[in-house]
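Asks:
Protein chains in written order, with the numbering used here: chain D, 1 to 206; chain Y, 1001 to 1010.
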């Protein structure tokens, strides 16, 4: 563990908590892409199956359980509890165009052709594009509530901090994982446009 | 080569 990864995990946790609070407090999921949240649940499910097979640390196991619970909790709030506020009309990104290429790519490019490894690789690829429906929805509605933009800023920062973690681990532990690094860079680059808007003028209330 | 038990990241 290093400070970059710890800050990244905290930023990730913060993003998920901000989202849950936004939906719970406003009792509305307006402006939030349910499709992205479904993709995140698939990402965590595919990646954290090793919860049952390999124990890394209490921190690792607890965080995995928190991310899984929060992502399914968000889906419950969006599609069941506050279903009426879900904005179907603007949440239209075709997620099959994200899932299928990730499935194919994880079968072609991976570290080891075993079920858990393929699922992990699939989850890494899918996570890098999982935010696209949300960014697409924000661009379509032309605005985002300030709380939603804070959510996106925290979520985008988490993987950017992980890139610093990978640089640190490369020099300090000569450990690196090309698949995670390339996907992490793609994921962070997708936020660049949003980061620019968020930092320059705060995209809410346009 | 990176394998499963190396996966200590979230």
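Just so you know, even glycine gets a beta-carbon here, dropped at the ideal spot from N, CA and C.
1) Rounded to whole angstroms, what is the Cα-Cα separation between residue 70 of chain D and residue 132 of chain D?
2) Checking contacts by CB at 8 Å: is residue 110 of chain D closer than that to chain Y?
3) Quick one, which residues of the stretch 2–23 of chain D are near chain Y if we go by CB-CB under 9 Å, in chain order?
4) Let's see if you can read the secondary structure: which residues bound the alpha helix (DSSP H) around residue 96 of chain D?
5) How would you label residue 58 of chain D, buried or exposed, when you count the other beta carbons within 10 angstroms and need 16 or more for buried?
6) Rounded to whole angstroms, what's the CA-CA distance from residue 138 of chain D to residue 168 of chain D? Just pull it up for me.
7) Could you check which residue in D:53, D:174, D:87, D:153 has the C-alpha nearest to that of residue 195 of chain D?
8) Spell out whether any CB of chain Y is found under 8 Å from the CB atom of residue 137 of chain D.
9) Rank D:148, D:151, D:181, D:45 by C-alpha distance to the C-alpha of residue 164 of chain D and give the top, closest one.
10) Is the Cβ of residue 163 of chain D closer than 8 Å to any Cβ of chain Y?
11) If residue 49 of chain D sits next to residue 119 of chain D, beta carbons under 8 Å apart, how far is it from one beta carbon to the other, in whole angstroms?
12) Can you round the beta-carbon distance between residue 86 of chain D and residue 79 of chain D to whole angstroms, since I take them to be within the 8 Å contact cut?
Replies: Once the coordinates are examined:
1) The residue labelled residue 70 of chain D in the question sits at position 70 within the first chain. The residue labelled residue 132 of chain D in the question sits at position 132 within the first chain. In this structure, the straight-line span from the alpha carbon of residue 70 of chain D to that of residue 132 of chain D is close to 20 Å.
2) As a position in the first chain, residue 110 of chain D is number 110, starting the count at 1. Not closer than 8 Å to any Cβ of chain Y, the Cβ of residue 110 of chain D fails to qualify, so no.
3) Going along the stretch 2–23 of chain D in chain order, one finds 5, 8, 9, 12 with a Cβ nearer than 9 Å to chain Y.
4) Within the first chain, residue 96 of chain D is the residue found at index 96, counting from 1. Following the DSSP letters along the chain, one finds residue 96 of chain D inside the alpha helix (DSSP H) bounded by residues 96–108.
5) Walking along the first chain from the start, residue 58 of chain D turns up at place 58. Burial call: exposed.
6) The residue labelled residue 138 of chain D in the question sits at position 138 within the first chain. The residue labelled residue 168 of chain D in the question sits at position 168 within the first chain. About 33 Å.
7) By one-based count along the first chain, residue 195 of chain D stands at place 195. Checking every option, the nearest Cα to that of residue 195 of chain D belongs to D:153.
8) Position 137 of the first chain, counted from the first residue, corresponds to residue 137 of chain D. It does not; no Cβ of chain Y falls within 8 Å.
9) The residue given as residue 164 of chain D occupies position 164 in the first chain. Of the listed residues, the one whose Cα sits closest to residue 164 of chain D is D:181.
10) The residue given as residue 163 of chain D occupies position 163 in the first chain. No Cβ of chain Y is located within less than 8 Å of the beta carbon of residue 163 of chain D.
11) Translated into positions along the first chain, residue 49 of chain D becomes position 49. Translated into positions along the first chain, residue 119 of chain D becomes position 119. In this structure residue 49 of chain D touches residue 119 of chain D by the C-beta definition: roughly 6 Å separates them, less than 8 Å.
12) Sequence index remark: in the first chain, residue 86 of chain D carries index 86 (1-based). Sequence index remark: in the first chain, residue 79 of chain D carries index 79 (1-based). Confirmed, Cβ separation roughly 7 Å.
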